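Trainee: Let me give you the structure first, and then I'll get to my questions.
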Amino acid sequence: MSAPKPHLRLRKMIESYLISEGKDSENISLLIDNIPKRWEKFSDIVLLPNSSFRGDDWGEIISEKFWISICNVLEVKRLARLGEIVGDKRESTVEILVGDNDWVIRKESGINYGYPLTKCMFSSGNINERRRMGEIVSKNEIIVDLFSGIGYYTLPILV
Numbered sequence: 175m176s177a178p179k180p181h182l183r184l185r186k187m188i189e190s191y192l193i194s195e196g197k198d199s200e201n202i203s204l205l206i207d208n209i210p211k212r213w214e215k216f217s218d219i220v221l222l223p224n225s226s227f228r229g230d231d232w233g234e235i236i237s238e239k240f241w242i243s244i245c246n247v248l249e250v251k252r253l254a255r256l257g258e259i260v261g262d263k264r265e266s267t268v269e270i271l272v273g274d275n276d277w278v279i280r281k282e283s284g285i286n287y288g289y290p291l292t293k294c295m296f297s298s299g300n301i302n303e304r305r306r307m308g309e310i311v312s313k314n315e316i317i318v319d320l321f322s323g324i325g326y327y328t329l330p331i332l333v
């Protein structure tokens, strides 16, 4: 028998946590229906969606103990939540919830991208475009990278 999926483990943990905090079953049902169903996990960190555990209903529940419980059930040491990508520079507004260090290494297509999570924006949704960039360049072709970033598109070309 396989282990329960991470979402189900998270759901069960939060339900137990809410019961231990004395929440009534109606309130628990409403909160449980709003927990994230997906997130990004890489290295030793989970990156929750921006909407996760926000709103007045969560306000009195959220604590360091709560965040650490989420880390434990998802088997990571650090936890962060995405913010809005804002401004012309598309700067990160990630919030670290557990942990001191924002440096992450994300492995993708044989490339290790290292960057400070709270300062650099990285869109995992662009994976196909990054992969494509590595396939369209001819040998000895000269590439000029006019972006100021972490080599998002040029590193796949070099590999």
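Counting from 1, position 159 in the sequence shown corresponds to residue 333 in our numbering; the numbering is continuous, with no gaps.
Glycine included, each C-beta is placed from N, C-alpha and C at the ideal position.
None of these values were measured; they are calculated from a predicted model.
Are the Cβ atoms of cysteine 294 and serine 312 separated by less than 8 Å?
Mentor: Locating residue 294 in the sequence shown gives position 120, where the first residue counts as 1. Locating residue 312 in the sequence shown gives position 138, where the first residue counts as 1. Note that the C-beta distance between cysteine 294 and serine 312 is not below 8 Å.
Trainee: Please name the residue or residues paired with isoleucine 219 in a DSSP beta bridge.
Mentor: Residue numbering aside, residue 219 sits at position 45 when the sequence shown is read from its first letter. Answer is Phe216 and Arg252.
Trainee: Per DSSP, which one or two residues make a beta bridge with valine 260?
Mentor: For the purposes of this step, residue 260 is taken as residue 86 along the sequence shown, with counting starting at 1. For valine 260, which the question treats as bridged, DSSP gives the partners Glu265.
Trainee: Note the first and the last residue of the continuous alpha helix (DSSP H) segment covering isoleucine 279.
Mentor: As a working mapping, residue 279 is identified with position 105 in the sequence shown. Not the alpha helix (DSSP H): isoleucine 279 falls in the beta strand (DSSP E), residues 277-282.
Trainee: Following the continuous beta strand (DSSP E) through asparagine 286, name the residue where it begins and the one where it ends.
Mentor: Stepping through the sequence shown from its first residue, residue 286 is reached at position 112. Taken as a continuous stretch (DSSP letters only), the beta strand (DSSP E) holding asparagine 286 covers 285-290.
Trainee: Which word fits isoleucine 193, buried or exposed, when buried means at least 16 other C-beta atoms lie within 10 angstroms of its C-beta?
Mentor: The sequence position of residue 193 within the sequence shown is 19, counting from 1. Looking at its Cβ environment, which holds fewer than 16 other Cβ atoms inside 10 Å, isoleucine 193 is exposed.
Trainee: Are the CB atoms of leucine 253 and valine 268 nearer to each other than 8 Å?
Mentor: Within the sequence shown, residue 253 is the residue found at index 79, counting from 1. Within the sequence shown, residue 268 is the residue found at index 94, counting from 1. The answer is no: Cβ separation not under 8 Å.
Trainee: Label phenylalanine 321 either buried or exposed according to how many other C-beta atoms from any shown protein chain fall within 10 Å of its C-beta, with 16 as the threshold for buried.
Mentor: For the purposes of this step, residue 321 is identified with residue 147 of the sequence shown, where counting begins at 1. Answer is exposed; the Cβ neighbour count stays below 16.
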